[in-house]
C-alpha cells in the first residue's frame, strides 16, 4: 500500500451511520436505506445527496436498474478501519507506531502489563 493510498477521509457521524447500513445489509436502494432509520426519517433527497457524496469519495458505488440506482459498499469496514488507523498514525505520530503505542501507555489507555501480553501473543503467532 502506497503512502497516499493509506490515508482515507474520515467519515462524518452521518456518513458512518450510512456506511454501517451498507456494511451490515449489503446493497441498498436509497428508499430501502431510508426505511432503516427511526422516525423521523431523513428526507429522501437529503439521504440521496449524502449517498452520492460517499460515492464521489470512493466509499460506495452503484448499479443502475433503469432510472434507479442500487448502492453498495466499495470499501469494507475492515479496510476503512485499517486505512484510518494508518492515516491517524501518519498524521499525528509522524508515521511511527512506536510513538502511537507510547502515547497510549503515557495516557494510561494501555498498561505496561497489557503491552507485555500483546508482545507475548505476537511472539506466539510467529
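Numbering (the numbering used here), first residue to last: 61 to 186.
Ideal Cβ positions, reconstructed from N, Cα and C, are used throughout, including at glycine.
Per DSSP, residue 103 is not a residue of any alpha helix (DSSP H), being assigned neither H nor E.
Membership of residue 121 in the beta strand (DSSP E) is indicated by the continuous run 120-125. Residue state for residue 88 is assigned as strand, using DSSP reduced to three classes. The Cβ atoms of residue 82 and residue 133 sit closer than 8 Å to each other. Residue 152: member of the alpha helix (DSSP H) spanning 137-152, first to last residue.
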